[in-house]
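Participant: Chains as they are written, first to last, in full-length UniProt numbering: chain A, 1 to 345; chain B, 1 to 345.
Built from N, CA and C at the ideal position, the CB exists for glycine as well.
This one's a predicted model, so the numbers in the text were calculated from it and none came from an experiment.
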DNA sequence: ATGAAAGCGCTAACAT
DNA sequence: ATGTTAGCGCTTTCAT
């Protein structure tokens, strides 16, 4: 009947130690409330050791209804710097609590997502992390709404779930502060903006929040933006184009705030072509703090996406006794480098 | 006794359909060799549907000794473009075969790796993928040597396991071909080289193989390298420095082969500073094909690391009936862009 | 064509 | 302080 040759089980250990399976179970799972003779415990531990006993977690799970696993499904391509960090953070937190992580990507296809989640649910995961690569509001599939879930880098439309997002508005304020500190009060321009696309007609979450924070931060010092070049955020090319027309047009900006590092890269390229040097002629400030920021010359000051911390937080929250439905905003640290200087006068 | 309120089981379905659990198991698992009346089958399917029955894969696994899961543990930070691709490929292949993926990182710490592998083994994974971020030779921990394992982007020192690596030597030849086709026969310089470090005194695998392929490919056309600037591969800065001294020193190179895109980025920066334009004054060619390659101006021609294909291959091999211990070399496709031109005469 | 029964490896009431 | 026993939800042999 047993389909295949098996490994050593608690029964084997019990036999070898001359005790019952219960006793073995007790000592191996380290239960305190039952007092087993010191010698029996020694014999059991010894036998387990000698036999190379390892618990079968599948069997244990069937009985306890705890698998010590958490499932993480993200929407699109984890092949970005950020994604990796997020997953690493999640992993760390899971490991600290002796959990393992199932990882999968839905490719932003609802049907695929459903199947993945079902696969995890069928395998009795203890909880689910729903991650998005770009911060946004979404609706959690019905199938998981009754299971422990935490949203990572996204918000459920109902607000009924615990979620973890970067504190983008505060980041915008940080940006304002950085510029203000350096003495910039006019000629501050934005490249990127809210990022209006067909799928996000009102702009992306990060765009809206960053802009709000930036504008408010500036406003509190009586400063206003000189202009905003709305453009696609996805590649340096767009930042390059926006900066070119910006430099070709009106009065030269003294500082440009880029909505992400790729855009800043494009802005560098354009500044370079116009014979402008960063930061002497124009200060550049950015968001995300991807690897690119440190590769650029001069190195780019950027307000970092705290992806690793977010990943950690999501799993911690998921695995903690009472995950209060609340939005956790993780601070975005600024990475000061060499792209900001006082305005030329 | 049952620790908690439970979901619907096969027993519930059987009760509802008025048959035995065996019958339910038969039809639900779609066994062909047993003929169950068409109506019984209908009733069962209907009942399962109505009740929203979902199999408990933990229970199933305990019985069948198959969990339909594979564990993937990689060494360091998956926060690179490449890593994501590799995992995606692995994921795709796993999903196609109805498996889910455990993912973890060892941080290159043998003890951590041991613990992770043990966690996966204890959870009865059907197989293991051992991934490395940078191609290299290693030794698989003893604990997993008797379990189905495939090495991804690394080789076991014994050669006893199935492994999947990029075909770096062929890539080097491709690079040679690209340059030769464009008419370059002299002034060809390499930035990067074998990448000798404290941990890799003989150079890294990719460095050795790429160089060998490049030199041989060139040699077959009677061409020799003008020089090799050995340097650290990890950031554009090193490429920048190497290129600067290269440009300051002897006769100007007509083509520079960079060992990865970051280095090429540095070379672009240096060329730019020297007033040289790519590709008119100097052709640049690179390896890896990261996102950077398409972001650079002019866009960089690069021989791509086939990470997604490698991931797919590793899982396919792992899950196929007889994983022959063999080294599978995956071809590296060249991405032609705008950084190569005929040499100026 | 269907069902009874045993058992995968483990936990946990309930005895003793 | 330790053992007996009954499951967890599923598969599978063997009877009927």
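#1: Let me see if you follow: with CB-CB separation under 8 Å, is residue 337 of chain A close to chain B or not?
#2: Of all the options A:166, A:182, A:335, which has the alpha carbon lying nearest to the alpha carbon of residue 341 of chain A?
#3: Look at the Cβ atom of residue 153 of chain A, then the Cβ atom of residue 164 of chain A, and state whether they are nearer than 8 Å.
#4: Which first and last residues belong to the beta strand (DSSP E) in which residue 255 of chain A is found?
#5: If distances are taken between C-alpha atoms only, which option among A:316, A:344, A:343, A:337 comes closest to residue 129 of chain A?
#6: Could you list which residues in chain B have their beta carbon closer than 7 Å to that of residue 102 of chain A, in chain order?
#7: As a quick exercise: from A:234, A:301, A:23, A:198, pick the residue whose alpha carbon is nearest that of residue 334 of chain A.
#8: Please decide whether residue 13 of chain A counts as near chain B, where near means a Cβ-Cβ distance under 8 Å.
#9: Below 8 Å on C-beta distance, what does residue 265 of chain B contact in chain A?
#10: Quick one: does residue 1 of chain B have its CB under 8 Å from some CB of chain A?
#11: Applying the criterion that 16 or more other CB atoms from any shown protein chain within 10 Å of the CB defines a buried residue, is residue 324 of chain A buried or exposed?
#12: Can you pull the chain A residues whose beta carbon is under 8 Å from the beta carbon of residue 58 of chain B, in chain order?
#13: Got a sec? Which residues, its chain only, sit under 6 Å from residue 151 of chain B by beta carbon, not counting five neighbours each side?
#14: Beta-carbon separation of residue 207 of chain B and residue 189 of chain B under 8 Å?
#15: Is the distance from the Cβ of residue 349 of chain B to the Cβ of residue 193 of chain B below 8 Å?
#16: Is it the case that the Cβ atoms of residue 191 of chain A and residue 267 of chain A are separated by a distance below 8 Å?
#17: Where does residue 23 of chain B land, buried or exposed, given buried means 16+ other C-beta within 10 angstroms?
#18: Provide the residue span of the alpha helix (DSSP H) that contains residue 114 of chain B, from first to last.
#19: Which chain B residues sit within Cβ distance under 9 Å of residue 201 of chain A?
#20: Any contact of the stretch 45-64 of chain A with the stretch 130-141 of chain A, i.e. 3+ C-beta pairs under 8 Å?
#21: Can you give me, in chain order, the residues of the stretch 109-138 of chain B that have a beta carbon less than 9 Å from any beta carbon in chain A?
#22: Where do the N-terminal and C-terminal ends of the alpha helix (DSSP H) with residue 61 of chain A fall, by residue?
#23: Could you check what DSSP says for residue 236 of chain B in three-state terms: helix, strand or coil?
#24: Pull up the distance between the alpha-carbon of residue 349 of chain B and that of residue 126 of chain A, whole angstroms please.
#25: Give every residue of the same chain whose Cβ lies closer than 8 Å to the Cβ of residue 167 of chain A, excluding the five residues on either side of it in the sequence, and list them in chain order.
#26: Tell me the rounded alpha-carbon separation between residue 115 of chain A and residue 105 of chain A.
#27: Mind listing the chain A neighbours of residue 54 of chain B? Cutoff is C-beta to C-beta under 9 Å, in chain order.
#28: Is residue 91 of chain A close to chain B, meaning its C-beta is less than 8 Å from at least one C-beta of that chain?
#29: Flag this pair as yes or no: are the beta carbons of residue 87 of chain B and residue 311 of chain B separated by less than 8 Å?
#30: I'd like the span of the beta strand (DSSP E) that includes residue 196 of chain A, first residue to last.
#31: Please classify residue 74 of chain B as buried or exposed, where buried requires at least 16 neighbouring CB atoms within 10 angstroms.
#32: Helix, strand or coil, according to DSSP, for residue 1 of chain A in the structure here?
#33: Among all the DSSP beta bridges, which residues are the ones paired with residue 328 of chain B?
#34: From what residue to what residue does the beta strand (DSSP E) around residue 304 of chain B run?
#35: In the stretch 227-258 of chain B, which residues sit with their C-beta less than 7 Å from some C-beta in chain A, listed in chain order?
#36: Beta carbon of residue 112 of chain B, beta carbon of residue 101 of chain B: below 8 Å?
Facilitator: Inspection of the coordinates gives the following:
#1: no
#2: A:182
#3: yes
#4: For residue 255 of chain A, the enclosing beta strand (DSSP E) begins and ends at 255-258.
#5: A:316
#6: 100, 101, 102
#7: Per the C-alpha coordinates, the member of A:234, A:301, A:23, A:198 positioned closest to residue 334 of chain A is A:301.
#8: Interface with chain B (8 Å Cβ-Cβ cutoff): residue 13 of chain A is excluded.
#9: 295
#10: Because the pLDDT of residue 1 of chain B is 31, which lies under 50, any placement of that residue in the model is unreliable, and the number read from its coordinates should be weighed accordingly. Residue 1 of chain B does not count as touching chain A.
#11: With fewer than 16 Cβ atoms within 10 Å of its Cβ, residue 324 of chain A is classed as exposed.
#12: 58, 61, 62, 67, 123, 124
#13: Answer for residue 151 of chain B: 130, 161, 163, listed in chain order.
#14: Going by C-beta atoms, residue 207 of chain B is not nearer than 8 Å to residue 189 of chain B.
#15: Outside the shown range of chain B (1 to 345) lies residue 349 of chain B, about which nothing can therefore be said.
#16: yes
#17: Residue environment for residue 23 of chain B: buried (at least 16 other C-beta atoms within 10 angstroms of its C-beta).
#18: 110-122
#19: Neighbours of residue 201 of chain A on chain B: none; closest Cβ ~27 Å, over 9 Å.
#20: no
#21: 112, 115, 116, 118, 119, 120, 121, 122, 123, 124
#22: Its alpha helix (DSSP H) spans residues 57-64.
#23: helix
#24: In the structure as shown, chain B starts at 1 and stops at 345, and residue 349 of chain B therefore has no counterpart that could be examined.
#25: Excluding five sequence positions before and after residue 167 of chain A, the CB atoms of its chain that fall closer than 8 Å to its own CB belong to 329, 330, 331, 332, given in chain order.
#26: 11 Å
#27: One finds 118, 121, 122 in chain A with Cβ atoms closer than 9 Å to the Cβ of residue 54 of chain B, taken in chain order.
#28: For residue 91 of chain A, the answer is yes, since a Cβ of chain B falls inside 8 Å of its Cβ.
#29: yes
#30: No beta strand (DSSP E) contains residue 196 of chain A, which DSSP labels as neither H nor E.
#31: buried
#32: Interpretation of residue 1 of chain A is limited by its pLDDT of 30, a score under 50 that renders its predicted location unreliable; the figure taken from the coordinates is listed afterwards. In this structure, residue 1 of chain A counts as coil in the three-state DSSP scheme.
#33: B:164
#34: Per DSSP, residue 304 of chain B belongs to the beta strand (DSSP E) from 301-304.
#35: 235, 236
#36: no
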